[in-house]
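**Student:** Here it is, the structure in full.
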Amino acid sequence: MSADLSLTGRKPPREASPLAWAVVTVAAIALWFVVYAQLAPFSQWLVAHLPVEPGSHLAEAVTFFIYDTPKVLMLLTLVVFAMGVVRSFFSAERTRALLAGKREGLGNIAAAGLGIVTPFCSCSAVPLFVGFVSAGVPLGVTFSFLIAAPMVNEVALGLLFALVGWKVALTYLAFGLAVAIVAGWVIGRLHLEGWLEDWVRNVRAAPVELPPNGMTLVDRIRAGLDAVRDIVGKVWMWIIAGIAAGAFIHGYVPADLLASIMGRDAWWSVPAAVLLGIPMYSNAAGIIPVVEALLAKGAALGTVLAFMMAVIALSLPEMIILRKVLSLKLIAVFVGVVGAGILAVGFLFNALFS
C-alpha cells in the first residue's frame with residue numbers, strides 16, 4: 629500500500645493551491661468592501677425598527693453603537709490581516725538584527741520606522757527589551773522602537789484615516805514618529821544604562837542571525853489570518869467597551885460640557901488629558917471610538933489625541949510590566965520625556981487644526 633494512504637485506505641485531502649488561496653483572499657476582500665458600504669443604511673434601518681424614540685439621547689447612543697461596532701471591527705480585521713502579511717517579513721528576530729549595532733540618530737529613525745510595521749503590545753515589552761539589549765541595540769534606540777510600536781502602529785493610523793481623515797492620520801504619523809525619535813535620542817544622550825535592572829545589564833551581547841525567510845504566498849496569507857485570530861480575538865471586548873463608552877459620550881454628554889473641559893480655549897486641558905489617560909489601559913483600536921465621540925462633541929483635536937497617545941504609550945499597566953527591567957528612576961525619565969513630547973503634540977495639533 630502506498631505510504632500516502634491512511635489507515636482507511638483513502639488518500640489524505642490535498643491542500644488548496646496557492647492560486648486558490650489568492651482567489652479566495654481577493655474574493656473575501658471584495659466582499660468586505662461590499663458589506664462595509666452597507667453598514668450605514670443597515671444601522672439606520674435597524675434603529676428605526678427598535679422601540680426607541682427618534683432623536684432622543686438613547687437613540688443617538690444606540691445608533692452610534694450599532695454603526696460603529698461592525699465598522700471598527702471590520703476596519704480592524706482588514707488592517708490587521710494586511711499588516712500580518714507585511715509582518716511576515718519582519719519577525720522579532722529580524723527586527724533585532726536590523727537594529728543591532730545601529731548608532732543613535734539614524735538608529736532612532738530606523739527603530740521608530742520599524743515600530744510602525746512591527747507593532748508589539750505592552751505584554752511583549754519585557755522580552756523585546758531584553759532581546760534588544762542582548763543584541764547590542766543602544767538604550768535610546770530601543771526606546772524609540774518601544775514608543776513607536778504601540779503609539780504609531782498600523783491600527784491607529786488605519787482607523788484614524790478611516791474615521792477622521794487622511795490629514796489627521798498623516799499629521800499624527802509625523803508627530804508620533806517625532807516623539808518616538810526625539811524621546812529615544814534624549815534618553816540615549818542621558819546615558820542611563822546604569823539605571824537598568826542588574827540582571828538586564830548583565831545580559832551578554834550576542835550576535836543575532838537572521839532566520840531563513842522561505843515563506844510562500846500561502847504562508848504569508850496564513851500569517852495574516854493568524855494575526856486576525858490573535859489580535860482581534862484578544863482585543864474585541866476592549867473595542868466593544870470603547871465603543872460603548874463612545875456611544876454614551878455621543879448620546880448623553882452635553883457638547884458644551886466637553887468643549888469647556890477638552891476645548892482648545894482651556895490651556896490646562898492638554899496636560900489634564902494626559903494625566904487622565906495614563907492610568908487607563910487600552911490599545912489604539914479600543915480608544916479610537918472614544919476619540920471619535922469626543923471629537924463629534926466638539927473636543928479639541930490636539931487634546932483628544934494627547935489623551936489617546938497617553939493611553940496607548942504611557943499606560944500604567946505597561947509601566948508595571950517594564951518595572952521588571954527598568955529602575956523606577958529610568959521609568960520616571962521615560963514617562964517625563966515621552967509625556968513632554970505628547971504635550972507638545974497636543975498643543976501643536978490644537979494650533980494647527982484650530
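Residues 629 to 982, numbered by the working numbering, are exactly what the sequence shown covers, in order. Virtual Cβ for every residue (Gly too), placed ideally from N, Cα, C.
Given a threshold of 16 other Cβ atoms within 10 Å of its Cβ, counted over all protein chains shown, does residue 920 qualify as buried or as exposed?
**Tutor:** buried
**Student:** Using 10 angstroms around the beta-carbon of residue 669, count the other beta-carbons present and answer buried if the total reaches 16, otherwise exposed.
**Tutor:** Exposed: under 16 other Cβ atoms inside 10 Å.
**Student:** Please report the distance separating the alpha-carbon of residue 979 from that of residue 895.
**Tutor:** 11 Å
**Student:** Within 10 angstroms of the Cβ of residue 966, are there 16 or more other Cβ atoms? Answer buried if so, exposed if not.
**Tutor:** Flag for residue 966 reads buried.
**Student:** Considering only DSSP beta bridges, list what residue 824 is partnered with.
**Tutor:** 954
**Student:** So the candidates are 805, 869, 791, 824; which of them puts its Cα closest to the Cα of residue 923?
**Tutor:** 791
**Student:** Can you have a look at residue 717 and say buried or exposed, based on whether 16 or more other CB atoms are within 10 angstroms of its CB?
**Tutor:** exposed
**Student:** Rounded to whole angstroms, what is the Cα-Cα separation between residue 811 and residue 860?
**Tutor:** 30 Å
**Student:** Just the Cα atoms here: how many angstroms apart are residue 963 and residue 799?
**Tutor:** 23 Å
**Student:** By a C-beta neighbour count over all protein chains shown, 10 Å radius and 16 as the cutoff for buried, is residue 788 buried or exposed?
**Tutor:** buried
**Student:** Indicate the three-state DSSP secondary structure (helix, strand or coil) for residue 697 in the structure shown.
**Tutor:** helix
**Student:** Go ahead and pull the three-state DSSP assignment for residue 894.
**Tutor:** coil
**Student:** Find out if the Cβ-Cβ distance for the pair residue 941, residue 779 is shorter than 7 Å.
**Tutor:** Result yes, Cβ atoms of residue 941 and residue 779 sit closer than 7 Å.
**Student:** I think residue 928 touches residue 971, with their Cβ atoms under 8 Å apart; what is that distance to the nearest whole Å?
**Tutor:** That belief does not hold up - the Cβ atoms of residue 928 and residue 971 are roughly 13 Å apart, past 8 Å.
**Student:** If we count the other Cβ atoms within 10 Å of its Cβ and call it buried at 16 or more, is residue 865 buried or exposed?
**Tutor:** exposed
**Student:** Rounded to the nearest angstrom, what separates residue 845 and residue 784 at their Cα positions?
**Tutor:** 26 Å
**Student:** Would you identify the three-state DSSP class for residue 634, choosing helix, strand or coil?
**Tutor:** Its pLDDT being 45, under 50, residue 634 is placed unreliably in this model, and the coordinates cannot settle the point.
**Student:** Let me check understanding here. Comparing Cα to Cα, which of 660, 649, 849, 773 lies closest to residue 734?
**Tutor:** 773
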